[in-house]
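Beneath this line is the structure, given in structure tokens, with notes to follow.
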Amino acid sequence: MSNKKYAIGLYDDQDILLQGIKEVQNNGQMIHDVYTPHPVHGLENVFIIPRSRLPIAAFCFGCLGISCAFLMMWYMITYDWPMDIGGKPNFPIVSFIPILFEWTVLFASFGMGLTFFLANRLIPGSTPRIMDERATDDRYVIAVEVNDENEQTVSSLFRQSGAVEVKYKTV
Amino acid sequence: MHESIIRKPLVTGTPDMHTITEDVCRPLENPPSKAWWIGFSLAFAGFVLWLVSFGYTTWVGLGVWGLNKTVGWAWDITNFVWWVGIGHAGTLISAVLLLFRQNWRNSINRSAEAMTIFAVICAATYIIAHMGRPWLAYWAFPLPNQFGSLWVNFNSPLIWDVFAISTYFSVSCLFWFIGLLPDIATVRDRATGTRKQVYSFLSLGWTSSARSWIRFETVSLVLSGLSTPLVLSVHTIVSFDFATSVIPGWHTTIFPPYFVAGAIFSGFAMVQTLLLVARKVLKLEDYITIYHIELMNIVILVTGSIVGVAYLTELFMAWYSGVEYEQYAFLNRVSGPYWWAYWTMMTCNVISPQMMWVKKLRTSIIFTFIISIVVNIGMWFERFVIIVTSLHRDYLPSSWAMFYPTKVDVSLFIGSIGLFFTLFLLFIRFLPSVAMAEVKLLLKHSSEEAKSKLKKHNHVAEPTVEGGKVIIATTATIKKGESNEQ
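Quick note, the sequences are listed as chains Z and S, same order. Residue 119 in my numbering sits at position 119 of the first sequence, and the numbers go up by one each step. One rule links them: number in my numbering = place in the second sequence (from 1) + 1000.
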């Protein structure tokens, strides 16, 4: 694994963080990632992140769910073993509705949930690359990959924009 | 995001983000208090009682219950519906209130969702128990004929219920777990040794990076959108168990909305019962404020009124239908041998929530606590009245009978409450009981501190950042023509 050095700016206010991101980016530095203790609204406009496509995944899984439910019920009660229950029809579409709905929700939720885990590399037992442990507590963190050239620039940018602390971390 | 200073603060006191972490993590990082041990011992004793009575039922057979050939469905289904109903408030708080952007949900959603999951587990115990032969529980699943029974009957609301409850349970667990990830990561980053390893495993390696938060919020929103119709469908389908039959008193089209409203009503009451104790014992008064309690009481008032209207509508429709059987079923409810159950239900569910119109009462902690218990008793009686009074006098007067619960019935019920509280107490001991990240989100704009700062500066505009410092504009600067968004 290649060793990369990161400069880490810690901020204690979300608005100052947004300003900090702007300043770092305006000065031509590439931000590796931003870590925040809670979702910061408006962050995606400053540190450009494409819109998540997870809803599309949810829709596709939902379609899969409704199809599976329909095929299952049709196969069981209509095709494989048509049961005569009180003389009711063997292909009761109206009776299918509740389960069609439930499986749409079930597949959409779990399909999207699993996609979410995979997209975020959330796997049991994985060791996360934690830039600063206070990023899950009370610090907003900007991480910029640095080398000998831009190290000074980045750290002074952090300080100017109001970072309460600047650190380095080699991962 | 800017919030009007007129709105009441959602976080009182002067906590900063670190204080929130400390306050929420305290019960997890320190040995439990005496109160916790006492509560846990009682709850666990209840759970043991459940194990014994469940084991006895399974060993001897369903004959140990108070059922007879007229009342073939009573205690177990009452408790099943009661528990499932209680569960609904959790999903309402976590999903529906998220869709409606009710930020006050942020500090109560975690424990409410936990309550949902545990309540559904308790409900499931009754499904398993009432089968009599729980080892054949898999017959309820759509398995090939070779497994012992025929394919399940998809015309039956009971099989819809199997799908609805299992979907509801698993989706609630998923929603809860995804919401827990950032907070488990917070606990992980503070822990050492074995605890760190355990929480590290549970956090799945959450890093709180900007991208993961975007996905997190997207997933939460879509899951809410999916859970909202889901929670409505679940109690609708539970009501179909009754409404699609031809028993007078059950065969009514009002059941689905009436059951859903009743479920939310009883669920919020249970949330109040739990949170009023939890906020005190865990010292979370700054996050679960009187304002939260008041808002939940308003939900109780609204849903309680819907339930009240439904009761009266039922009576009216029974009379208006002109059907003798239907009319008798309701006359029997009101004035038959179970009149006391009916009037307990009416008093607890229709009259008591109406007191919430008085602001002094709905902001009183003791009064809220009493009403929350009263409502839960009332909602238990509602199910008992619907189920038992509709069955015990059937079409043939010679087979009219009464239902009396046996000791095993009562033990199973008390035991399920023990199971519920055992799980809940373990939850507040080992997992963060308030969604820390979501409360931190509110801190900047909705806390008492932020609002009083704004008020002090006689200020109406958004703070700006200049030279690494947050500048709060005063009226003077706004006059100069700066932004004046509200």
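Cβ coordinates follow ideal geometry from the N, Cα and C atoms, glycine included.
**OP:** Have a look at S:1438, S:1023, S:1446 and flag the residue whose alpha-carbon is nearest the alpha-carbon of residue 1217 (chain S).
**Re:** S:1438
- Message: List, in chain order, every chain S residue whose beta-carbon is nearer than 7 Å to that of residue 170 (chain Z).
- Response: None at all; the shortest Cβ gap to chain S is about 17 Å.
Checking 8 Å against the spacing of the C-beta atoms, do residue 1129 (chain S) and residue 1054 (chain S) come in under that value? yes
- request: Spell out whether any CB of chain Z is found under 8 Å from the CB atom of residue 1329 (chain S).
  value: no
Assigned exposure category for residue 13 (chain Z) - 16 Cβ within 10 Å defines buried: buried
Beta-carbon gap between residue 1039 (chain S) and residue 1367 (chain S) smaller than 8 Å = no
Return the residues of the segment 1143-1160 of chain S that lie within a Cβ-Cβ distance of less than 9 Å from chain Z, sorted by chain order. 1144, 1145, 1150, 1151, 1152, 1153, 1154, 1155, 1156, 1157, 1159, 1160
Quiz prompt | As assigned by DSSP and simplified to three states, the class of residue 1282 (chain S) | solution = coil
Would a check of beta-carbon distances place residue 111 (chain Z) closer than 8 Å to chain S? no
Name the DSSP beta bridge partners of residue 165 (chain Z), please? Z:10
Less than 8 Å between CB atoms is the rule here; does residue 25 (chain Z) satisfy it with respect to chain S?
no
* How should residue 41 (chain Z) be labelled, buried or exposed, when 16 other C-beta atoms within 10 angstroms of its C-beta is the threshold for buried? -> exposed
task = For my contact list, residue 158 (chain Z) and residue 20 (chain Z) are in at a C-beta cut-off of 8 Å; report their separation, rounded to the angstrom.
result = 7 Å
Discussion item. Restricting to Cα atoms, I'd like to know which of Z:83, Z:164, Z:143 is closest to residue 47 (chain Z).
Written reply: Z:143
- Message: So for residue 1088 (chain S), helix, strand or coil by DSSP?
- Response: helix
Query raised in the report: How should residue 51 (chain Z) be labelled, buried or exposed, when 16 other C-beta atoms within 10 angstroms of its C-beta is the threshold for buried?
Result: exposed
_Is the separation between the beta-carbon of residue 1375 (chain S) and that of residue 1269 (chain S) shorter than 8 Å?_
yes
Residue-chain proximity (residue 149 (chain Z), chain S), Cβ-Cβ < 8 Å
no
Positions along the segment 121-138 of chain Z whose CB lies within less than 7 Å of some CB in chain S: 121, 122, 123, 124, 125, 126, 127, 128, 129, 130, 133, 135, 136, 137, 138
Within 7 Å of chain Z by C-beta, residues of the segment 1064-1098 of chain S in sequence order = none
Next item on the list: Grab me the residues of residue 1099 (chain S)'s own chain with a C-beta within less than 7 Å of its C-beta, minus the 5 sequence neighbours each way, in chain order.
Entry: 1224, 1225, 1228
Practice prompt. Could you say if the segment 1059-1067 of chain S and the segment 1427-1447 of chain S meet the contact criterion of at least three C-beta pairs nearer than 8 Å?
Written response: no
- Identify every run of the alpha helix (DSSP H) within the segment 1253-1278 of chain S, keeping only runs that are complete inside it and at least 4 residues long; order them along the chain. none
By Cβ distance below 6 Å, which residues in the same chain neighbour residue 1383 (chain S) in space, the five residues on each side in sequence not counted?
1078, 1081, 1082
- Hey, is residue 166 (chain Z)'s beta-carbon within less than 8 Å of any beta-carbon in chain S? no
* Using a Cβ cut-off of 8 Å (strictly closer), state whether residue 1186 (chain S) contacts chain Z. => yes
Out of S:1365, S:1161, S:1285, point me to the one whose CA is closest to residue 1108 (chain S)'s CA. S:1285
- Message: Between residue 1 (chain Z) and chain S, is any beta-carbon pair separated by less than 8 Å?
- Response: Unreliable positioning characterises residue 1 (chain Z) in this predicted model, as indicated by a pLDDT of 49, which lies under 50. The coordinate reading is nonetheless provided below. No, its Cβ sits nowhere closer than 8 Å to a Cβ of chain S.
Counting only beta-carbon separations shorter than 8 Å, does residue 1441 (chain S) have a partner in chain Z? yes
- Message: Three or more C-beta pairs under 8 Å: does that hold for the segment 1167-1187 of chain S against the segment 1256-1272 of chain S?
- Response: no
Taking the alpha carbon of residue 1167 (chain S) as the reference point, which residue from Z:37, Z:105, Z:91, Z:65 has its own alpha carbon closest? Z:105
- Classification of residue 94 (chain Z) by the beta-carbon crowding that lies within 10 angstroms, buried from 16 upward: exposed
Original post:
Using a C-beta cutoff of 8 Å, does residue 1005 (chain S) count as contacting chain Z?
Top reply: no
key: Inter-residue spacing [alpha-carbon to alpha-carbon] between residue 164 (chain Z) and residue 1277 (chain S)   = 39 Å
Requested in this report: Give the secondary structure of residue 33 (chain Z) by DSSP, where H, G and I count as helix, E and B as strand, and everything else as coil.
Outcome: strand
Note to self: Using the Cβ count rule (16 or more neighbours within 10 Å means buried), how would you classify residue 1137 (chain S)?
What the structure shows: exposed
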